[in-house]
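When the sequence shown is numbered by the numbering used here, its final residue is 590 and no position is left out of the sequence of numbers. Worksheet for the structure shown next.
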Amino acid sequence: MANEQKKYDVAIIGSGIGGSTLASVLARQGLSVIVFEGGQHPRFTIGESMILETSEAMRALAEFYDVPELAYYSSENFYNYIGTQHGVKRHFSFVHHTPGKHVDVRKTLQAVIPKMPYGHEIHITRQDSDYFLTSVAISYGATILQNTFIKDINVQPDGVEIITNKEKTYHAEYIIDAGGMKSILAQKFNWRHRDLMSHSRTIFTHMIDVPGFNEVTMPHQEYGHPYPLSQGTLHHIFKGGWLWIIPFNNHPASTNPLCSVGLQLDPRLYPQRDDLTPEEDFREFIKQFPDMEAQLKDAKAVRDWMRIDRLQYSAHHIVGDRFALLAHAAGFIDPLYSKGLYVTHAQIFLIADLLLKAKKTGDYSAEAFASLEPITLDYINMHDRIVASSFKSWHNFKLWNVYEALWLLGAYLEYLSLVTNRFRASNRDEYIQLMQGHKLAGGGFPLFFQIQEKIDALMDQVNPEDEADVDRTVAEIKKLFEQFPWMSSAFKDLLNGKNHLPDNKIRWNLLNRRIGFMGSGEYRKHFFGEKSALALLKKAIEDQFKYSIPALNRKRKTRARLAWQTSLIPSPSPERGRESPLLSGEG
């Protein structure tokens, strides 16, 4: 029960996936936590498509902070833990459209997600995941006040005073604002800004009766794709925008008929139609693309349509004395590439560590939390950069054909670094040290940032309506890729016209000492340090077993937090924070 007289270690505004995850971590580690939630769970929200980077960040949080439940949404292997109302995600797919024309199979991309070693990604039903994680936070001792809005916050030298809409006052040493775009602290200190490169508006809802795109066009075999387009996140892309299709009913065990649908448009090309309802605005726009319209013509919304005139925003600062902005309170760019949840979980890892240290030292100053600000802003700014260039590349498919390779290269290197960082680190401090220099994409590798900056500069300069200029730019970008010796052969194949990544990621050239998986020179030193191939292989095999369906099902029967097993909750490890008995099977 909440106590107005008690001074909590940490107060959190918002119990979405960010606020509830942070509350779970801090409460698990012994801090007193109070969370203020303006709404009530379960509630609708978006941010439903998982990516490899987010899943790996979840595993790192689960292991280093002894909160095994945080890994439950990291792959399809956890369906027995979280339920089958969540969809499966076997790929990221893109279909390029031209007004008035049917799609060309050559203008598609299916970026297949590896099944090994953790299982495929999932489409999260957020009203269930956020409710579950809020319950997890409560189970570890956090106090959650739902239907409670914040009226005012007074940041004082010796603590923070929080006044609710119910005229009750609470006190804490530190406050985290995870309240989204309307962050009370960002507004209070005039930190909010929209000085960003990307520019999009959105219309979205949940629907039923959305057929697979292959059903209204042609089978996936005729596209040359390994999987049906319905078995992953589908992006319909076109000049000035894109439309997401995220089904939850795309596997045999699914118990959820819903499909998330959202349209993003550059309002400088496609201004909002205030004379139309959001649904009319949506339907009127997609009429120009015959295959897109065919997929959605019989689909029915099951909730009110949402329309937002500008998605992008950021903050001048992230931390102040005794407070910080988390997740979408810090900034948001676009749902493209599903990076938002990754930014959130990367922030949580660092801020949780800073709060645990502040509990010991009593130092809650902005200076003590200063390291959170640059990494958060670097992540937001990199996403802004990639989204802006992607939108521009869709004006001309030849540009997208080369820019997709940069996005994929950046995502692959980031994921590789996250996994090897977890393997290499023996404690949280080591992991955080290895994460220095990360900027959302590229895994913190300086040579990636060099070619990324050059390619994005070329994208800024090109005129996509001038075919000669486009051809020159494409040639220059391909030369830059040739100068990056660690470019995967699968990505090179895309540059040469292939429209999908291979389903089977195991290839003999991965064992090549110079150009194989571990690369050489600066690349090998950056991503693998002193770890040998044998040591990494051993860790990978152990991980594959630990996160396999048989192992997880066995742990669920013997050591999961079921009603009759609550006595099995162990005390957390304050330093290493790894190998929780609830997940690893040790007890």
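Quick reminder that beta carbons are idealized off the backbone N, C-alpha and C, glycines included. Treat the numbers as computed from the prediction; the structure is a model and nothing was measured.
- Where Asn157 is concerned, there is no enclosing alpha helix (DSSP H), although the beta strand (DSSP E) around it starts and stops at 153-159.
- Every alpha helix (DSSP H) stretch that sits fully inside the region 304-370 and reaches 4 residues is listed by chain position as 343-364.
- According to DSSP, residue pairing for Gly122 in a beta bridge does not occur.
- For the region 395-470, the full-length alpha helix (DSSP H) segments reaching 4 residues or more read 400-427, 431-437, 449-464 along the chain.
- Within the region 19-79, complete beta strand (DSSP E) segments of at least 3 residues are found at 36-39, given in chain order.
- The region 57-70 makes no contact with the region 87-101: fewer than 3 CB pairs, one atom from each, lie closer than 8 Å.
- A contact is defined here as three or more CB-CB pairs under 8 Å, and the region 442-456 meets this definition with respect to the region 381-388.
- For the pair Asp463 and Ser392, the Cα-to-Cα distance works out to about 7 Å.
- Each of Val213, Ala74, Leu279 was checked against the Cα of Asn259, and the nearest Cα belongs to Val213.
- Looking from the CA of Ile187, the closest CA among Phe484, Ser491, Ala318, Lys482 belongs to Ala318.
- For Ile354, the number of other beta carbons within 10 angstroms of its own is at least 16, and it is reported as buried.
- One alpha carbon belongs to Met295, the other to Ile289, and they sit about 7 Å apart.
- Straight-line measurement puts the Cα of Ile20 at about 10 Å from the Cα of Gln130.
- Short of 8 Å from the beta carbon of Val28, and not among the five residues preceding or following it, lie these beta carbons of its own chain, in chain order: Leu64, Tyr68, Val70, Leu73, Ile351, Ala355.
- Pro338 sits buried, since 16 or more C-beta atoms from the chains shown fall within 10 Å of its C-beta.
- Taking the Cβ atoms as the reference, Gly122 lies roughly 5 Å from Glu79, within the contact range of under 8 Å.
- Rounded to whole angstroms, the separation of the alpha carbons of Phe548 and Phe426 is 15 Å.
- Ranking Leu246, Gly41, Tyr177, Ala175 by CA distance to the CA of Phe207 puts Leu246 first.
- Between the region 139-151 and the region 262-279 there are fewer than three inter-stretch CB-CB distances shorter than 8 Å, so the stretches are not counted as touching.
- Annotation: Pro45 to Thr128 spans about 10 Å, alpha carbon to alpha carbon.
- Distance from the CA of Phe400 to the CA of Lys110, rounded to the nearest whole angstrom, comes to 7 Å.
- Under the three-state reduction of DSSP, Val106 is assigned to coil, being neither helix nor strand.
- The beta carbons of Leu450 and Glu525 sit about 6 Å from each other, so the pair counts as a contact at 8 Å.
- Bridge partners of Val473 according to DSSP: none are assigned.
- Listed in chain order, the alpha helix (DSSP H) elements of length 4 or more contained wholly in the region 249-307 are 281-289, 293-299.
- Within a 10 Å sphere around the beta-carbon of Asn424 sit 16 or more other beta-carbons, which makes this residue buried.
- Excluding the 5 residues flanking it on each side, Asp180 has same chain C-beta neighbours closer than 6 Å at Ile16, Ser186, Leu188, Leu328, Ala332, in chain order.
- Going by beta carbons, Leu504 and Val115 fall inside the 8 Å limit.
- Under the DSSP definition of a beta bridge, Ile147 partners with Val38.
- Bridge partners of Gln113 according to DSSP: Ser96, His503.
- For a cut-off of 8 Å, the C-beta gap from Leu34 to Leu358 is around 7 Å, short enough to register as a contact.
- At a Cβ-Cβ threshold of 8 Å, Thr205 and Ile311 count as neighbours.
- Cβ-Cβ separation between Leu299 and Ser96: approximately 16 Å, too far for a contact (criterion under 8 Å).
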